[in-house]
Amino acid sequence: MAIDLKGKDLLSLRDWSAEEIWQVLKTAEYLKMCHYAGKENEVLKGKTLAMIFTKPSTRTRVSFEVGMTQLGGHALYLSASDLQLGRGETVADTGKVLSRYVNGIMIRTYKQNDVEGLAAGASVPVINGLTDDFHPCQVLADLLTIYEKKGRISGLRLSYIGDGNNMTHSLMLGGAKLGMSVACASPAGFRPDPAVVETARLAAASTGAEIAVVESALEAASGADIVYTDVFVSMGQDAERERKLKALADHQVTEAVMARASANAIFMHCLPAHRGEEVTAGVIDGPQSVVFDEAENRLHAQKALMALVM
Ligand code: CP
Ligand code: NVA
C-alpha cells in the first residue's frame with residue numbers, strides 16, 4: 345500500500361520511516377527503468393523547484409535541475425549571495441515568500457538550523473541538499489545503488505572509513521532504518537556526533553543493524569560488503585585543512601583496506617574525491633568502485649523524491 349508523501353520535507357533521514365525510504369527507492373527504480381526505455385513521466389509538469397545554494401555543487405545542482413526537466417517541470421538556481429538572504433532576510437521569511445511562487449525548495453547550506461527554519465516558514469516541501477550535519481539525498485542515491493548492486497540492503501555491512509561527517513551521519517541513519525550495519529572508523533576528534541550515533545542505534549534496535557564507531561580502518565573494513573569514504577576536508581573547513589589531513593592520514597581507503605573487506609565488496613564515495621587523500625587512485629578507479637553509478641543515481645533517487653513530495 346503506497347504511503348502519501350505529498351508535502352513531506354526531507355530535512356534529515358531521522359524523520360523518515362523505512363517504509364517511506366523504500367517508497368522512494370522503489371519509485372526511483374521505476375523512473376530509472378522508464379528513463380532507459382526513453383519514456384519520461386511528466387508528473388511535475390508546470391511545477392517549479394527553487395534551489396538555494398550557499399556552498400558549491402556539481403552533482404546536486406545538475407541532478408536536481410535535470411531531474412525537474414525530465415519530470416516536465418522547471419528548476420530555478422538561486423545563489424544565496426544573489427538573494428536578500430545574503431543581506432539579512434530571515435530563512436523563515438524566505439521560505440514564506442518562495443512558497444507563494446514555487447512548489448518545492450531544495451537548499452544546500454551550512455547550518456542544519458537554517459534548513460529547519462526555512463521549512464518552518466515554507467508551506468511547500470523543503471529538501472536538504474546538504475548541510476554541515478546531514479546529506480540525506482546522497483544517502484537515498486547510495487541506498488538505491490547498494491540495492492541494485494547487492495539485491496538487498498538489510499543484513500549487509502557498510503564500513504565508513506575517514507572523517508566522521510555529514511555523510512557518516514546520514515549513512516548511519518539510513519543504514520539503521522533499513523537494517524544495514526554501519527561501522528565507522530575515524531581517529532579521535534573526527535568521530536561522528538554521539539547524538540546522531542545514538543539516534544541511529546535507537547533506530548537500529550528494531551531492524552537488527554549494528555551501529556559502531558571504532559579506531560582502526562582495517563578493523564572496520566573486516567568482512568564489509570561496502571567500503572565507503574568521503575573527503576577529509578568538507579566544504580567550509582578549509583582553515584582546518586592541514587590539521588585534518590595529518591590526523592586522518594591513517595584512515596585512507598587503500599588496496600590493503602579493500603583486501604580486508606568481503607571478496608565481492610564494492611567501494612563507494614559521494615564525490616568529489618581527492619585521490620591520494622581519503623582514497624588511493626587504485627581503489628577509486630579500480631574494479632570494485634561503483635562511484636559513477638552512484639553519482640548517476642542521484643538523478644533517479646531525487647526524481648522519485650520530488651515526484652512523491654511535490
Ligand atoms: N555528492 C555531492 O553532493 O556532490 P556535489 O557537491 O557536487 O553536489
Ligand atoms: N562531506 C562533504 C560532502 C560533499 C558532497 C562536504 O560536506 O563537503
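Reminder that position 214 of the sequence shown reads as 558 in the working numbering, one-by-one numbering, no gaps.
Where is the CB? At the ideal position from N, CA and C, for every residue including glycine.
Unbroken alpha helix (DSSP H) run spanning residue 587, endpoints: Residues 585-592.
Going by the CB atoms, is the gap between residue 404 and residue 424 shorter than 9 Å? Result no, Cβ atoms of residue 424 and residue 404 do not sit closer than 9 Å.
Taking the alpha-carbon of residue 536 as reference, which of 515, 552 and 521 has the nearest alpha-carbon? Distance from the Cα of residue 536 is smallest, within the candidate group 515, 552 and 521, for 515.
Using C-beta distances below 7 Å, list every residue in its chain close to residue 592, excluding the 5 sequence neighbours before and after it, in chain order. Excluding the 5 residues flanking it on each side, residue 592 has same chain C-beta neighbours closer than 7 Å at 506, 507, 531, 534 and 576, in chain order.
May I ask you to verify whether the segment 439-456 touches the segment 470-480, counting CB pairs closer than 8 Å and requiring at least 3? The count of Cβ pairs closer than 8 Å, one atom from the segment 439-456 and one from the segment 470-480, reaches three, so the stretches are in contact.
Is the CB-CB distance between residue 597 and residue 622 below 9 Å? Cβ distance < 9 Å, so residue 597 and residue 622 count as in contact.
Between 353, 522, 510 and 389, which has its C-alpha nearest residue 365's C-alpha? Taking only the C-alpha atoms, the option nearest residue 365 is 522.
My assumption, with CB atoms under 8 Å, is that residue 489 sits in contact with residue 601. Please give the rounded CB distance. In fact, because the Cβ distance is near 20 Å, the residues do not count as touching under 8 Å.
Is any beta-carbon of chain C found at less than 9 Å from that of residue 482? Checking the listed chains, one finds no chain C in this structure; it contains a single protein chain.
Give me, in chain order, the residues of the same chain whose beta-carbon lies closer than 6 Å to that of residue 353; leave out the 5 immediate sequence neighbours on both sides. 463, 469 and 470, listed in sequence order.
Cα separation between residue 428 and residue 466? Going by the C-alpha atoms only, they are around 16 Å apart.
For residue 526, which three-state DSSP category applies? Assigned with DSSP and collapsed to three states, residue 526 falls in strand.
In terms of residue numbering, what span does the alpha helix (DSSP H) encompassing residue 423 cover? Where residue 423 is concerned, there is no enclosing alpha helix (DSSP H), although the beta strand (DSSP E) it sits in stretches over 418-423.
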